[in-house]
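Read the structure below first, then the notes.
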Amino acid sequence: MHNSPVGRDRLESLRDALVVTGERERLDVIAPVSGAPFTSIPAGTEADVEVAVERAEAAQASWAGRPLTERAAVLERYADRVLDAQDELLDVAQLETGKTRRDAFEEVLDVVQTATHYADAGPELLESERRSGAIPGLTKTTVHRRPKGVAGFISPWNYPVTLSVSDALPALLAGNAVVLKPAQETTHTALLARQLLVDAGLPPAAFQVVSGTGERVGAELVDRVDYVCFTGSTEAGRSVAKRAGRALIDCSLELGGKNPLLVLDDANPRKAARGAIRACFPNAGQLCISTERLYIHESVYEAFRDAFVTEARALDLGTGFAYGPDVGSLQSAAQLDKTERHVADAIEKGADVLVGGRPRPDVGPYFYEPTVLTDVTHEMTLFDEETFGPVVSLYPVGSVDDAVERANDSRYGLNASVWTGDHDRGERVAERIDCGTVNVNEAYAAAWASVDAPMGGMGDSGIGRRHGEEGLLKYTEAQTVAVQRGLQIGPGPLPDGVWARLMTGFSKLLKRLPGWLR
Ligand code: NAD
C-alpha cells in the first residue's frame, strides 16, 4: 500500500457503514501513486439503494423533529471534529486520490468553513416567515420551510471530502436525511468524512452510504429520492437531469468547466503569473474551477508568459503523506490517457509546448508534467473540451473586449479569474463574464470560500447553486399557510357585479398605499 499510514483493518471498519444487502461482487480500489489495487468495495446494487433510502426515510422524521438549534450544534461540533481528526482524513483522501497533502487540506478547510457557516447563518434562513397577506390586516400569511425528505448525493473522486459531505450539511440542517453515492474510487474518504459527522452527534441512520458504479447505483438513487444533488461530468449530469425529470424531483447539477483567466494590460505580469499557477495546477488540474484557458493582453504577454513558464517548470511533482510537493498524481489511468490524448492531438495540429507535455512514470504511473501550450486553435480537442489535467493554453489578446468575447466563447460557464492593477476595473470586467463565479486578483478560492454567496455554473456547467441562501433553501419545500379573518375573499351575499365594483375600488386604493402598508 505504498507506506500508507492507513491500515487495512481501518478501511474494513469504515466499510461497515455501507448498505450492502447480500453477497456482492467486489470492485478494486486503486492507489494512484502505485497504480495497484490496495483494497476493494462491494459493487452495490439497486436493492442496496432501496434499503438505504428506506432506512433514511425511517430516520428522517425524528431528525427533522429535533430543534433547529440542536441540528445546528451537530454541524458546529463537526467542524471541530474534522479539525481534530484531520490527519487521518488527509491520509485516506491522499491514498485514494494521489493528491498532495496541501490539496487535500483545502478540503478540510472547506468542510469546516461550510459547517461553521450554516450552523451560524442557517437557523435564521430556515425560520418561518410572515409575508404580506391577500387583504392587509385580515389575511395572516406565513411561509414555512419544510425538508424535502431524503436528499440523494452523487459525488466525484476529485474532492471526495468536500463534494461528498459539504453539500450534504445544509440538507441535514434543513431536516432532510441523506443517501450518498460517492465515486467508487474514493468511497473510504467519503465514509470517514461521514463517520466524523456521526461522532459529532448525527444519528447514523440519517446519513446512509451506498457504493458502486454511477450507471447502476447512481441512476437508481435518482429514481428513489426526493431531491438529488449531483456533482460530476456534464455528460452524466444530463442523464441525471433526465431521470430527475421523469421522477419529477428537483435537482442541482454541479458540472464541468473550461475556465478562463484574463490578464489585463494594467496587471503586474509577475504577480499575475504566480496567481495563474495557483489557478491552473491545483490538484494537478483536476479541479472543476481551475483554469485551462488564459487570455493575456499583448502589452504584458511576453513578461507574463516568461514568468509563468518559469514558475510552471519549478513546480515539484511528488508523492508521500507529508506536506511538500506542489503537484500530485492524476487520479487514474483514464485521467492520464485523456491528458495525453489532448496534448498529442494539439501538438499534431500545430500547438507549441512551452513547458511540460510528457508523463512522468519515474515519479508515479499516472503523473503528468504541468504543461503550457500556445498556438492552440479551434480544430484541437482541448480548445473547448475540458481536459481536467495539468494542461493550459495561452492566448495573446488585443483588448479587454477581445478577452471577454473569447472567455465567453464556451458552452461552459463555471468559474473565471481576472488579474488587474485596478480592483474597480476588475469588478466591471468580471460582471461581463458569463460564469457563475468570477475572482478578481485571485484564482478560485475567493469566490468558492465566500460560502455566504451562491456558487455554481451557467450553461453546460450546471443548474442550481451551492453555498449561501440558495445552497440551503434548495433542500426545502416552501409551504405557504394563509389564515383569513373576518371578510371572506369572494362575493359572499353580494351580487357578483357589486362585488366586482367594490374590488375594483379596493384594488385602486391598495395600489396607492405605500408598500409597507400593503
Ligand atoms: P462522473 O460524471 O464520471 O462521475 C461523478 C459521479 O457520478 C460518480 O459518483 C459516478 O459514479 C456517478 N455517475 C456516473 N454516471 C452516472 C449516471 N449515469 N447516473 C448517476 N450517476 C452517475 O465525473 P468524474 O469523472 O468522477 O468527475 C470529473 C467531472 O466532475 C469533471 O467534469 C469536473 O469538472 C466535474 N466536477 C464538477 C464540480 C462542480 O462543482 N461543478 C466539482 C467537481 C467535479
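Position one of the sequence shown corresponds to residue 0 (numbering that gives the first Met the number 0), numbered consecutively onward.
Built from N, CA and C at the ideal position, the CB exists for glycine as well.
As the structure is a prediction and not an experimental result, all values here were calculated from the model.
Beta strand (DSSP E) segment containing residue i, residue limits
i                 : result
tyrosine 226      : 226-230
cysteine 250      : 249-253
threonine 290     : 290-296
threonine 370     : 370-373
serine 392        : 390-396
alanine 30        : 25-30
alanine 35        : 35-41
valine 149        : 149-153
aspartate 351     : 351-354
valine 221        : Looking at the DSSP string, valine 221 is not in any beta strand (DSSP E); the run it does join, the alpha helix (DSSP H), is 218-223.
valine 262        : 258-262
phenylalanine 206 : 206-208
Buried/exposed call for residue i, threshold 16 Cβ in 10 Å
i                 : result
leucine 247       : exposed
proline 181       : buried
asparagine 572    : Shown here, the chain extends from 0 to 517; a query on residue 572 therefore has no answer.
proline 281       : buried
tyrosine 226      : buried
phenylalanine 366 : buried
leucine 195       : buried
tyrosine 322      : exposed
valine 52         : buried
alanine 311       : buried
glutamine 93      : buried
histidine 187     : buried
aspartate 86      : exposed
Simplified DSSP assignment, three categories, for residue i
i                 : result
serine 328        : coil
valine 18         : coil
phenylalanine 320 : coil
lysine 180        : strand
methionine 0      : The pLDDT assigned to methionine 0 is 45, lower than 50, so where the model puts this residue is not dependable, and the model offers no usable value.
leucine 486       : coil
glycine 496       : helix
proline 135       : coil
phenylalanine 366 : coil
threonine 602     : The question about residue 602 has no answer here: the residues shown for the chain are numbered 0 through 517.
glutamate 75      : helix
glutamine 285     : coil
arginine 130      : strand
glycine 213       : helix
proline 203       : helix
arginine 511      : helix
histidine 143     : strand
valine 480        : strand
arginine 80       : helix
arginine 70       : helix
threonine 475     : strand
8 angstroms contact criterion, which residue i and residue j should meet: CB distance rounded
i              : j              : result
valine 19      : aspartate 47   : 6 angstroms
glutamate 75   : valine 149     : Not confirmed; about 24 angstroms, so no contact.
valine 480     : threonine 68   : Not really, about 23 angstroms apart at Cβ, beyond 8 angstroms.
tyrosine 411   : glycine 255    : 6 angstroms
alanine 302    : proline 268    : 4 angstroms
proline 31     : threonine 96   : 7 angstroms
isoleucine 288 : tryptophan 447 : 6 angstroms
threonine 38   : serine 154     : Incorrect: roughly 19 angstroms between the Cβ atoms, too far for contact.
alanine 107    : valine 73      : The amino acid occupying residue 107 in the given sequence is valine; alanine does not appear at that position. Not confirmed; about 18 angstroms, so no contact.
threonine 380  : aspartate 344  : 5 angstroms
glutamate 184  : serine 392     : Actually they do not touch by this definition, with Cβ atoms about 28 angstroms apart.
valine 326     : alanine 272    : Valine 326 to alanine 272, Cβ: 16 angstroms. No contact.
leucine 172    : glycine 121    : 5 angstroms
glycine 531    : proline 364    : Residue 531 is absent from the model: the chain starts at 0 and stops at 517.
Endpoints, alpha helix (DSSP H) assigned at residue i
i                 : result
serine 238        : 233-246
lysine 270        : 268-279
alanine 92        : 85-96
proline 122       : 100-125
glycine 470       : 469-472
phenylalanine 197 : In the sequence on display, residue 197 carries valine and not phenylalanine. First-last of the alpha helix (DSSP H) with valine 197: 186-198.
leucine 172       : 167-172
valine 52         : 45-64
Cβ-heavy atom distance, residue i to the ligand ZN, below 6 angstroms
i          : result
leucine 17 : In the structure on display, the ligand ZN does not appear, and the ligands it does have are the ligand NAD.
In chain order, each alpha helix (DSSP H) run of at least 4 residues that lies wholly inside the segment 403-456: 422-429 and 444-447
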